[in-house]
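>
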Amino acid sequence: MSSEVATKKVAKVLGIDGSVKGELELPSVFGTDLRPDLIRRAVLSSQTARIVPRTTDYYAGKRTSAESMGVGLDLARVPRVKGEHNPASGSGAFVPNVVGGRLAFPPSLGKKYHERINVKERRLALMSAIAATSNPEAVIERGHIITTEVSLPVVVSDEIKNLKKAAELREFLEKTSLIYDVLRAKEGIRERSGKGKRRGRRWVKPKSLLIVVDDSAAPVRLASRNFTGVDCVGVSDLNVERLAPGGHPGRLAVWTESAIKKLSEIYQ
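Note that my numbering numbers the sequence shown so that position 97 is 97, with each residue one more than the last.
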């Protein structure tokens with residue numbers, strides 16, 4: 001894994017007023033090579049791990065006294081319900097090609113939905129996804145809007161953690177020119193096509209900023225909820241899905257100073 005890591009980088013530290021407060025040496029994880037193949041597999045593994053295997057009741061469609069009458073009666077040989085003077089009498093049952101019959105090939109509990117991935121591969125995928133947040137080409141290719149004023153990775157002083165109101169966070173985004181990507185996500189909201197509209201997934205919302213703090217309980221988490229596509233997460237809760245939604249690396253991320261320092265402790 002050491003061969004995948006390049007030299008260390010230095011990032012500018014911004015204040016909440018948008019001015020440069022200083023510089024911070026980035027941990028070596030930001031020099032990891034981009035591995036889109038591993039990132040896609042790691043995201044797929046996380047998504048398929050949430051699938052709950054399901055199947056039908058073993059006796060579904062079989063709880064009937066129906067039997068075939070045999071041949072020579074000028075009737076189809078499907079099993080028919082026994083009895084007389086009953087609406088169901090004589091109607092087909094049990095077989096897959098009749099109303100109320102069993103399923104021919106019901107979903108099986110033995111099917112393997114989970115895409116497994118090795119622990120070292122998952123770790124390398126996470127490191128690669130972290131490094132992609134400092135790669136301008138990957139960020140732009142993912143569809144984010146960054147101006148020439150924005151230098152990646154975006155590192156901000158810990159003052160941002162204490163922003164409790166959306167108006168305060170919006171002011172910071174405007175001063176750092178990150179508001180354009182939030183507006184892109186807001187204007188990109190569209191109605192989902194297909195049946196998902198009837199299943200609680202009516203709107204498709206693009207992803208925008210990812211604010212990474214050292215503590216997931218920071219007040220800025222509440223302020224960020226009012227912006228479309230903006231998420232706030234603690235360093236210890238980082239995963240590949242957060243950093244590369246849909247398996248596409250290069251999410252525009254805002255790191256706090258303490259988050260970078262905590263990241264250095266994790267990836268020494």
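Glycine included, every Cβ here is placed at the ideal spot set by N, Cα and C.
1) In whole angstroms, what separates the C-alpha of lysine 111 from that of proline 53?
2) Sort Ala217, Ile51, Glu241, Glu257 by Cα distance to glycine 250 and report the nearest one.
3) What residue does the beta strand (DSSP E) around alanine 11 start on, and which one ends it?
4) Excluding five sequence neighbours on each side, which residues of the same chain lie with their C-beta closer than 6 Å to the C-beta of serine 68?
5) Is the separation between the beta-carbon of alanine 223 and that of leucine 169 shorter than 8 Å?
6) Compute the minimum distance between the beta carbon of arginine 50 and the heavy atoms of the ligand FMN, and state whether it is under 7 Å.
7) Should leucine 75 go down as buried or exposed, given a rule of 16 or more other Cβ atoms within 10 Å for buried?
8) Using only the alpha-carbon positions, how far apart do serine 108 and valine 154 sit?
9) Return the chain-ordered list of same chain residues with a C-beta closer than 7 Å to the C-beta of valine 98, the five sequence neighbours on each side being excluded.
10) Could you tell me which residues DSSP puts in a beta bridge with alanine 253?
11) Pairing CB atoms from the region 33-49 with CB atoms from the region 122-133, are three or more of them under 8 Å?
12) Considering only residues of the region 135-191, which uninterrupted alpha helix (DSSP H) runs meet the minimum length of 4 residues and lie entirely inside it, listed in chain order?
From the atom records:
1) Here the question's residue 111 lines up with position 111 in the sequence shown. Here the question's residue 53 lines up with position 53 in the sequence shown. One alpha carbon belongs to lysine 111, the other to proline 53, and they sit about 8 Å apart.
2) Mapped onto the sequence shown, residue 250 falls at position 250. Closest by alpha carbon: Glu241.
3) Translated into the one-based positions of the sequence shown, residue 11 becomes position 11. Counting along the chain, the unbroken beta strand (DSSP E) around alanine 11 starts and ends at 10-14.
4) To locate residue 68, count along the sequence shown from 1; it is residue 68. Once the five neighbours on either side are set aside, the close Cβ partners of serine 68 are Arg77, Pro79.
5) Here residue 223 is taken as the residue at index 223 of the sequence shown, counted from 1. Here residue 169 is taken as the residue at index 169 of the sequence shown, counted from 1. Using a Cβ distance threshold of 8 Å, alanine 223 and leucine 169 count as a contacting pair.
6) The ligand content of the structure shown is nil, which means the ligand FMN is not present either.
7) Counting from one through the sequence shown, the residue named residue 75 turns up at place 75. Under this definition leucine 75 is an exposed residue.
8) For this step, residue 108 is matched to residue 108 along the sequence shown. For this step, residue 154 is matched to residue 154 along the sequence shown. If you draw a straight line from the Cα of serine 108 to the Cα of valine 154, it is about 47 Å long.
9) Locating residue 98 in the sequence shown gives position 98, where the first residue counts as 1. For valine 98, where only same-chain residues beyond five positions count, the Cβ hits under 7 Å are Val78, Gly92.
10) Mapped onto the sequence shown, residue 253 falls at position 253. The partner list for alanine 253 (beta bridge, DSSP) reads Leu210.
11) At 8 Å Cβ cutoff, the stretches touch.
12) DSSP runs (the alpha helix (DSSP H)) wholly in the region 135-191: 136-141, 166-175, 179-187.
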